[in-house]
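Peer 1: Let me give you the structure first, and then I'll get to my questions.
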Amino acid sequence: MKSIILSMVLLSPFASAVECKADNQYLQASYKVSEQTSQKLPKNEQSFTLWRTPRQVAQQSEQLVELWRQLSNQQIRPIRYFTQAKRGIEYQPSEVKGSQDFSSKYQLVSDQLLAKMQLQSEQGEGCDKKQRYYLKQADTVIEVVWLSNQQLVESMQVNTANYSRITSLQSVSFNKQTVLEQFANWDKYQTTDYADIGDNESDPFLAKMINLGFVEHGATGFYDTNGKALKSNHHHH
Amino acid sequence: MAANMKKLNLLSLAVVVALTGCSDDDKDYKTLVVNNTLPVGSEQCVNGGTEKLEGEDTNRNGELDADEVLRTTVTCNDPASSLTPQQLVNLSTNQWFKDAKVKMATSQDNIEKIVKESGKAKNIILFVGDGMGVSTVTAARILAGQLEGKMGEEHLLSFDTMPFSGFSKTYNVDAQTPDSAGTMTAMASGVKTDVGVIGVDEDIERGVCSTVAGNELVTATELAEINGLATGIVSTARITHATPAATYAKSADRNWEDVSDMPEDAVTGGCEDIASQLVNFEANLEARFAGIDVNGLEVVMGGGRRHFLPKDAAFNSADAMSAVEGDRTDERDLTAEWQEKYPTGQYVMDQAGFDNLDTESVSQVFGLFNESHMQYEADRANDIAGEPSLSQMTAKAIDVLDNNDKGFFLTVESGRIDHAHHAGNAYNALNDTIELSKAVQVAMDKTSIEDTLIIVTADHSHVFTIAGYPKRGNPILGKVVAVGKTEPSMAADGMPYTTVGYTNGLGYRDLGDETNADASYLEGPAVGRFDLTSVDTMSPGFHQEATVPLGSETHAGEDVGVYAIGPGAHLVTGTNEQSFLFHVMDYAGDLVKNADAKLTK
Numbered sequence: 161m162k163s164i165i166l167s168m169v170l171l172s173p174f175a176s177a178v179e180c181k182a183d184n185q186y187l188q189a190s191y192k193v194s195e196q197t198s199q200k201l202p203k204n205e206q207s208f209t210l211w212r213t214p215r216q217v218a219q220q221s222e223q224l225v226e227l228w229r230q231l232s233n234q235q236i237r238p239i240r241y242f243t244q245a246k247r248g249i250e251y252q253p254s255e256v257k258g259s260q261d262f263s264s265k266y267q268l269v270s271d272q273l274l275a276k277m278q279l280q281s282e283q284g285e286g287c288d289k290k291q292r293y294y295l296k297q298a299d300t301v302i303e304v305v306w307l308s309n310q311q312l313v314e315s316m317q318v319n320t321a322n323y324s325r326i327t328s329l330q331s332v333s334f335n336k337q338t339v340l341e342q343f344a345n346w347d348k349y350q351t352t353d354y355a356d357i358g359d360n361e362s363d364p365f366l367a368k369m370i371n372l373g374f375v376e377h378g379a380t381g382f383y384d385t386n387g388k389a390l391k392s393n394h395h396h397h
Numbered sequence: 046m047a048a049n050m051k052k053l054n055l056l057s058l059a060v061v062v063a064l065t066g067c068s069d070d071d072k073d074y075k076t077l078v079v080n081n082t083l084p085v086g087s088e089q090c091v092n093g094g095t096e097k098l099e100g101e102d103t104n105r106n107g108e109l110d111a112d113e114v115l116r117t118t119v120t121c122n123d124p125a126s127s128l129t130p131q132q133l134v135n136l137s138t139n140q141w142f143k144d145a146k147v148k149m150a151t152s153q154d155n156i157e158k159i160v161k162e163s164g165k166a167k168n169i170i171l172f173v174g175d176g177m178g179v180s181t182v183t184a185a186r187i188l189a190g191q192l193e194g195k196m197g198e199e200h201l202l203s204f205d206t207m208p209f210s211g212f213s214k215t216y217n218v219d220a221q222t223p224d225s226a227g228t229m230t231a232m233a234s235g236v237k238t239d240v241g242v243i244g245v246d247e248d249i250e251r252g253v254c255s256t257v258a259g260n261e262l263v264t265a266t267e268l269a270e271i272n273g274l275a276t277g278i279v280s281t282a283r284i285t286h287a288t289p290a291a292t293y294a295k296s297a298d299r300n301w302e303d304v305s306d307m308p309e310d311a312v313t314g315g316c317e318d319i320a321s322q323l324v325n326f327e328a329n330l331e332a333r334f335a336g337i338d339v340n341g342l343e344v345v346m347g348g349g350r351r352h353f354l355p356k357d358a359a360f361n362s363a364d365a366m367s368a369v370e371g372d373r374t375d376e377r378d379l380t381a382e383w384q385e386k387y388p389t390g391q392y393v394m395d396q397a398g399f400d401n402l403d404t405e406s407v408s409q410v411f412g413l414f415n416e417s418h419m420q421y422e423a424d425r426a427n428d429i430a431g432e433p434s435l436s437q438m439t440a441k442a443i444d445v446l447d448n449n450d451k452g453f454f455l456t457v458e459s460g461r462i463d464h465a466h467h468a469g470n471a472y473n474a475l476n477d478t479i480e481l482s483k484a485v486q487v488a489m490d491k492t493s494i495e496d497t498l499i500i501v502t503a504d505h506s507h508v509f510t511i512a513g514y515p516k517r518g519n520p521i522l523g524k525v526v527a528v529g530k531t532e533p534s535m536a537a538d539g540m541p542y543t544t545v546g547y548t549n550g551l552g553y554r555d556l557g558d559e560t561n562a563d564a565s566y567l568e569g570p571a572v573g574r575f576d577l578t579s580v581d582t583m584s585p586g587f588h589q590e591a592t593v594p595l596g597s598e599t600h601a602g603e604d605v606g607v608y609a610i611g612p613g614a615h616l617v618t619g620t621n622e623q624s625f626l627f628h629v630m631d632y633a634g635d636l637v638k639n640a641d642a643k644l645t646k
């Protein structure tokens, strides 16, 4: 378990909101996700790292990286990297239908969801400005601690009668060089268009994709406008 | 008949009742004879006839009752040797019958108009619908008709109207179910080869650079170029993708689209990536055949900009999707190299540049409209910089190519039918097929049947099916509604099902659902049955159900259709190896003969 070190000393608590946002455009943030589906079962814990540049965001788990790039027409272009194989699958924005809310990727919580939530308290200034939000919707309670000027979730809890999920920030740094190098490193991976997978059954990596599908899931730290974790939505019969 | 005790009805059928017996007080009865006419289709005589009944009037009632018949003689008519207008009235007044008669006449006329001599095709256009199997053509035809407000089934795509058609056997030398590289090589060069290799014969070892030398094939495009014809390649896929590449490149692997895709030993071994081969087409051809002086491809339009640009963000185009658009690791900017080779040619990358092309004055066109594949036709409006449709590119290509008085050779690929099928999404596969049909119509309108051979075919099929018993006019992308019904039919599991579907692949997903849509692409195959009761299966984001779970729907191994019009089209008939199509084009344009004459001059 990583110790909780919020290395925000690099950011001035006296910075204006604009200055704060400008200073933290290149970000690396570690999160822990603790999930419990039943009181009788042990907690499921996993971690992921959030990487950001002004127009790109990536969520890195142990073997998988989900990267989203915001295009000039506001569409989102996803890439999936498989770190062990050093391979990637590139998607066309058109292959991802539905609402394309970059804020839900970039901030882990969408602007839409925050707007629906009730602001309960606010403290601090500049980069340290911290807001607590609350939303109760049917049997779901969502609580977010939001570092508003950094556009960063410090913690997010989703609770229902039989389910709880806590996503909490463990550490954050703003080393532009490190962040750019990380994105550049992934960019060196051999990538294949999602559309081309079907034509490459002789490639062992892609053959595995064809035969097994994309069964691996990342640490789903992303939420829809209702605070619901975006994950498997199978309804097999 | 004699055993039949019921009384015969002799009214209308009785032709003659003859009294041939004599009267006697007790035992002598009148002998009666009755002749009946048997109608056409009767049990005794299918062509009609007569039935002669003979017997004695034992009850003296003056009629031959059933139990009085002693002998029956049936005489059947010979089969009819001619039909009367009355007999044909049910046919001749029927619209299907009348339409077919008109079609017979026009077909006869169209066949007679086809020039059958060799070497008469001044222009040749080969259209390839990537993955456009027969079921795709049928479903696209129905959808196109329904989009025009018709029932759909009766509709005709542009190439459905061509006078000649046949089948191609698509298998590769080493694969029962083929891929585009091997199949397009067969069509472009007349030689079947292995799966995954471009412009080389089966002696190649896939992925081994050193096996290329000596196994290179000559393509129809190259022969046309040697003959001084204008040459062009258009695709909605990356222009370095397997199908377009097979017209101009020789590669041990279809994926060697740029230098960064190649293993180090292939680069050091002297193998040239596909994008580089496109830009060096003229030089490479001249180096290969001593003494020729060719002028290169006049038209190249498609996607795949990333393979032509260096891996440096400074070279990004206006609509780059990646942080660094170019993939090339050799620092070459092939678009600049092309412009240097063809200073009077125009490089275009968006709709505006395309629209501004002056087809009468421009010498060459190099259009790269997307970083990777161009958009599906239905998504084209979403492109950042805008890109032309396949029919627009076809029109512009012909307008440029026909500036050459000697004629032209053009290959047009609808590359994304295949991709939509791989994704299990019939909506885009069918809409792209309809756009291909429009492009073919453009070509038919801009050329003459007398001097232009147009062939339309597919490289391979997909496991796409049209199934169930939907009623006539039922939406082809909808759920099955049976004849006479208004509500969807239920399967044995109590749930409705769609007419079109896939044998394998990712299976059901409804990407129209806003709350979870942007996560759906991450999921593995979801095959089997889902409750589609409240799902709009006709929406663009609907992906049809599949049976076998695979991460990508696959090609299929059955034959594909070939459609042809123009000089030499009469050879497109029957079932042939796919490599046969090269020979049809060669016959029509005397490609080999004329090139040989040039080279041996």
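Each protein sequence line maps, in turn, to chains P and B.
Just so you know, we're using our numbering here: the first sequence kicks off at 161 and counts up by one.
Just so you know, we're using our numbering here: the second sequence kicks off at 46 and counts up by one.
Just so it is clear, CB atoms sit at the ideal spot from N, CA and C, and this is done for glycine as well.
None of the values given here were measured: they were computed from a predicted structure.
Output, in sequence order along the chain, the residues in the stretch 353-374 of chain B whose CB is closer than 9 Å to any CB in chain P.
Peer 2: Those would be 356, 363, 364, 365, 366, 367, 368, 369 and 372, in chain order.
Peer 1: Can you look up residue 77 of chain B in the DSSP assignment and give me helix, strand or coil?
Peer 2: Three-state result, residue 77 of chain B: strand.
Peer 1: Since I believe residue 225 of chain P is in contact with residue 327 of chain P (beta carbons under 8 Å), could you give me their beta-carbon distance rounded to a whole number of angstroms?
Peer 2: Not quite, the Cβ-Cβ distance comes to about 18 Å (not below 8 Å), so this is no contact.
Peer 1: According to DSSP, is residue 141 of chain B part of a helix, a strand, or is it coil?
Peer 2: The answer is helix: DSSP assigns residue 141 of chain B an H, G or I state.
Peer 1: Quick one: is residue 345 of chain P near chain A, going by C-beta distance under 7 Å?
Peer 2: Absent from the structure is chain A; the protein chains it does hold are P and B.
Peer 1: Using a beta-carbon distance below 7 Å, is residue 249 of chain P in contact with chain B?
Peer 2: Chain B, which has no Cβ nearer than 7 Å to the Cβ of residue 249 of chain P, makes this no.
Peer 1: Measuring CA to CA, which of B:423, B:362, B:341 and B:353 is closest to residue 388 of chain B?
Peer 2: Considering only alpha carbons, the answer is B:341.
Peer 1: Return helix, strand or coil for residue 229 of chain B, following the three-state DSSP convention.
Peer 2: Residue 229 of chain B: helix per DSSP, three-state reduction.
Peer 1: Beta-carbon within less than 7 Å of residue 314 of chain B's beta-carbon, same chain only, minus the 5 sequence neighbours each way: which residues are those?
Peer 2: The residues are 254 and 255.
Peer 1: Contact defined as beta carbons within less than 8 Å: I believe residue 505 of chain B pairs with residue 225 of chain B. What is the distance between those atoms, to the nearest angstrom?
Peer 2: At roughly 7 Å, the Cβ-Cβ gap stays under 8 Å, so residue 505 of chain B and residue 225 of chain B are in contact.
Peer 1: Return yes when the Cβ of residue 408 of chain B is within less than 7 Å of the Cβ of residue 487 of chain B, no when it is not.
Peer 2: Cβ atoms of residue 487 of chain B and residue 408 of chain B: not closer than 7 Å.
Peer 1: Considering only C-alpha positions, which residue in the set B:83, B:97, B:76 and B:132 is nearest to residue 105 of chain B?
Peer 2: Selected option, being the one with the closest Cα: B:76.
Peer 1: Among B:262, B:516 and B:449, which has the Cα closest to the Cα of residue 235 of chain B?
Peer 2: Nearest C-alpha to residue 235 of chain B: B:262.
Peer 1: With distances taken Cα to Cα, identify the nearest neighbour of residue 237 of chain P among B:546, B:427, B:481 and B:607.
Peer 2: The candidate whose alpha carbon is nearest that of residue 237 of chain P is B:427.
Peer 1: The beta strand (DSSP E) spanning residue 316 of chain P covers which residue range?
Peer 2: Its beta strand (DSSP E) spans residues 312-320.
Peer 1: Any beta carbon from chain B within less than 7 Å of residue 397 of chain P's own beta carbon?
Peer 2: At residue 397 of chain P the pLDDT is 30, less than 50, meaning the model places this residue with poor confidence and gives no usable figure here.
Peer 1: Do residue 249 of chain B and residue 297 of chain B have their CB atoms nearer than 7 Å?
Peer 2: Yes, the pair counts as a contact, with Cβ atoms nearer than the cut-off.
Peer 1: Can you pull out the residues from the stretch 589-611 of chain B whose beta carbon lies closer than 8 Å to at least one beta carbon of chain P?
Peer 2: So the list reads 594, 595, 596, 597, 598, 599 and 600, given in the order they occur along the chain.
Peer 1: With a Cβ-Cβ cutoff of 7 Å, do residue 324 of chain B and residue 383 of chain B count as a contact?
Peer 2: Cβ distance < 7 Å, so residue 324 of chain B and residue 383 of chain B count as in contact.
Peer 1: Considering only the beta carbon of each residue, do residue 257 of chain B and residue 612 of chain B sit closer than 7 Å?
Peer 2: Going by C-beta atoms, residue 257 of chain B is not nearer than 7 Å to residue 612 of chain B.
Peer 1: What does the Cβ neighbour count give for residue 333 of chain B, buried or exposed, with the cut at 16 atoms within 10 Å?
Peer 2: Exposed, since its Cβ has fewer than 16 Cβ neighbours within 10 Å.
Peer 1: Taking the DSSP output, what are the residues bridged to residue 221 of chain P?
Peer 2: BP columns for residue 221 of chain P are empty, so no partner.
Peer 1: For the alpha helix (DSSP H) containing residue 264 of chain P, name the first residue and the last one.
Peer 2: Taken as a continuous stretch (DSSP letters only), the alpha helix (DSSP H) holding residue 264 of chain P covers 262-266.
Peer 1: Beta-carbon within less than 7 Å of residue 637 of chain B's beta-carbon, same chain only, minus the 5 sequence neighbours each way: which residues are those?
Peer 2: Closer than 7 Å at Cβ, skipping near neighbours: 268 and 631.
Peer 1: Taking Cβ to Cβ, would you say residue 214 of chain P is nearer than 7 Å to residue 185 of chain P?
Peer 2: Taking 7 Å as the Cβ cut-off, residue 214 of chain P and residue 185 of chain P qualify as a contacting pair.
Peer 1: For the beta strand (DSSP E) containing residue 353 of chain P, list its first residue and its last residue.
Peer 2: Run containing residue 353 of chain P: 350-353, per the beta strand (DSSP E) assignment.
Peer 1: Would DSSP call residue 357 of chain P helix, strand or coil?
Peer 2: Three-state DSSP puts residue 357 of chain P in a helix.
Peer 1: Would you give the residue range spanned by the beta strand (DSSP E) that residue 128 of chain B belongs to?
Peer 2: Counting along the chain, residue 128 of chain B falls outside any beta strand (DSSP E), and DSSP gives it neither H nor E.
Peer 1: Measure the C-alpha to C-alpha separation of residue 367 of chain B and residue 350 of chain P and round it to an integer number of angstroms.
Peer 2: Cα to Cα, the separation comes out at about 14 Å.
Peer 1: Would you please verify whether the beta carbon of residue 418 of chain B is less than 7 Å from any beta carbon of chain P?
Peer 2: So, interface residue.
Peer 1: Return the first residue and the last residue of the beta strand (DSSP E) that residue 205 of chain P is part of.
Peer 2: Residues 204-213.
Peer 1: With distances taken from CA atoms, which of B:536, B:551 and B:346 is nearest residue 544 of chain B?
Peer 2: Nearest option by C-alpha distance: B:536.
Peer 1: Which residues mark the beginning and the end of the alpha helix (DSSP H) in which residue 301 of chain B is found?
Peer 2: Neither: residue 301 of chain B is in no alpha helix (DSSP H) and is coded neither H nor E.
Peer 1: Roughly how many angstroms separate the alpha carbons of residue 551 of chain B and residue 85 of chain B, rounded to a whole number?
Peer 2: For residue 551 of chain B and residue 85 of chain B, the distance between alpha carbons rounds to 57 Å.
Peer 1: So for residue 370 of chain P, helix, strand or coil by DSSP?
Peer 2: Helix at residue 370 of chain P.
Peer 1: Can you have a look at residue 135 of chain B and say buried or exposed, based on whether 16 or more other CB atoms are within 10 angstroms of its CB?
Peer 2: So residue 135 of chain B counts as exposed.
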